[in-house]
Structure formats: C-alpha cells, structure tokens
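Residue numbers for the sequence shown follow the numbering used here, beginning at 446 and rising by one.
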Amino acid sequence: MTSTTANPRTRAVAELLKDVPLFAGLEMDDLSRLSLLLTEKHFPRDTVIVSATDPGDALYVVAEGEVKVSLWSDNGREIILSTLGPGSFFGEMSLVDGEPRSANVACLTDSLLLRLGRKEFIQALRAYPTIAINVMTEVCVRLRRADESIGNLALLDVYGRVARYLLERCDEEGDPVPEGNLLKKIPTQQHIASRIGTSRETVSRALSEFQRRGFIEQRGKGLLVREGLDPKAVSRSR
Ligand code: CMP
C-alpha cells in the first residue's frame, strides 16, 4: 500500500484502529494507510445497518456505541445472536463467502462506525495477511459461543437459560461484591427474552422466582446476582 502523509484525520482514525483486535499486529504506519480506506459515519440509535439476505458490500468496525446482531422468526419474534461494542466488527461473513448477509445488524445506541468496502477489504487482506488471521480468530470465538448456546438450548430449560444469561453479564460487566456480582444496568426483560429465545412473560416469571428464592435482588438502579445462582440447579428444579 502507498505511504501516507499523516494528516489529523488519518492520525485520529489510526488511533481508533490501534485498539481494534481486527487490526492487532499492525504498526502505526500501517494503520494510517488503512485509515485511508475506511469511511466514518455516525448512525442514530435503531438504524438498521445490515439486513439479512441483502448482498454484502462492506465490513464495519464499531468505533463508538453498541449494535445488535439479530434474526426475526416467522411469527415476528426477534432473536438476538450477539451485541457488539467498541472494537468489534461485523459484515465479514458475506464478504468472505459471497453469500447474502446472514443476519440483521442495528444500532442499540447512537454509534460511530467505520466502513470498509468489499474492494478495500480484499486490498487490506492482501497487504496485511495478519488481518485474515484476526478475522479467523474472531470467527472461532463466535462459533464457540454459538456452540455453547446450542448446548444451553438442549441442556437447560428456560429458567436455566435466564440464570446463565445473568451470569454471563456478570462475567462481562459485573462488579464483584461480597455477596456476588452487581450489574449496574439491569437488562430489560425483552432483551433477555430475545437473547435466550423465549417470551418476555416467561423471563418475568423466572426473574420473580429468582428474587423470591433470594438469588437476585434489586439494588437501586442495579441488580445484585448472588453467588448461589446455578443455571443447572434452577433448571432441574422446574
Ligand atoms: P454478514 O453475514 O456479512 O452480515 C451480518 C453479520 O452479523 C455477519 O456478517 C457477522 O459479522 C455478524 N454475525 C452473524 N452471526 C453472528 C454471531 N452469532 N455473533 C456475532 N456476530 C454475528
């Protein structure tokens, strides 16, 4: 790739790319060159960026904000496969295999995304093969998560899956406290339902039961998840 004169925009984008795992292993000069291939765009909350079955024309990196990857069932229920925050990327699958988009991606919050068109993506892969390894690594992470979800669907009933979801959130963003973990932001019942493939009403019943049995407790605007919450145990007990 040709060399760049580091103008302020190039520098700013290269700084953002520095912390993006997709570009791990690249030097600052490489990131500056790459930044010339990317376009930045702000999207308001709820904007649909990618629609399932559309042809794929670009990959996106989340610079700021959060997006959800989802599918819609025939009866209009949304199934959230994943949420992706700063540093994550999406849209690589259809660029790699040439098939239509595998899922919908929409902004959960106002977001700043960096778009890399198909031609530029191929150009970047040729110039920096390490990007291909980084893509494969992330695809493996996602496949492992998908395998785990399939296992959970088969092994846990819906109460167990709600418990598992809460524990995963604790691992990702919980603050350890003597009694367990504190989630500062309580996920909505609808969000949990869409993540584990059930209705909001069922999630509401599960949360009420966990509360009654002392496994969870509302603490101000947060949720305390106590040590004793065990997905298998709450599953078996149903
Ligand atoms: P693509 O199929 O081009 O468009 C939809 C994108 O959603 C897809 O590429 C991936 O980047 C992303 N995606 C699909 N399934 C998952 C998943 N299970 N977890 C995280 N991201 C996904």
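Heads up, the beta-carbon is just placed ideally off N, CA and C, and yes, glycines get one too.
{"Query": "How about Ala469: is its Cβ closer than 7 Å to a heavy atom in ligand 1?", "Result": "no"}
{"Query": "Would you please state the rounded distance, in angstroms, between the beta carbons of Val679 and Gly605? I believe it to be under 8 Å.", "Result": "6 Å"}
{"Query": "I need the straight-line Cα distance from Trp517 to Asn452, nearest angstrom please.", "Result": "43 Å"}
{"Query": "Any contact between the region 543-550 and the region 580-591? By contact I mean 3 or more CB pairs, one from each, below 8 Å.", "Result": "no"}
{"Query": "So, at 8 Å on beta carbons, what are the nonlocal neighbours of Ala599 in its own chain, with the 5 sequence-adjacent residues on each side left out?", "Result": "none"}
{"Query": "At which residues does the beta strand (DSSP E) containing Val506 begin and terminate?", "Result": "Ala503 to Glu509"}
{"Query": "Tell me whether Arg571 sits in a helix, a strand or coil according to DSSP, three-state version.", "Result": "helix"}
{"Query": "Hey, could you find the ends of the beta strand (DSSP E) Ser515 is sitting in?", "Result": "Val512 to Trp517"}
{"Query": "Using DSSP with H/G/I as helix, E/B as strand and the rest coil, what is Leu395?", "Result": "Nothing about residue 395 can be read from this structure; the chain reaches only from 446 to 683."}
{"Query": "Starting from the Cα of Phe566, find the closest Cα among Leu481, Gln635, Met473 and His636 and give me that residue.", "Result": "Leu481"}
{"Query": "What's the C-alpha gap between Arg522 and Leu628?", "Result": "26 Å"}
{"Query": "Please report the residue range of the beta strand (DSSP E) in which Phe660 lies.", "Result": "Phe660 -> no beta strand (DSSP E), and no H or E assigned at all."}
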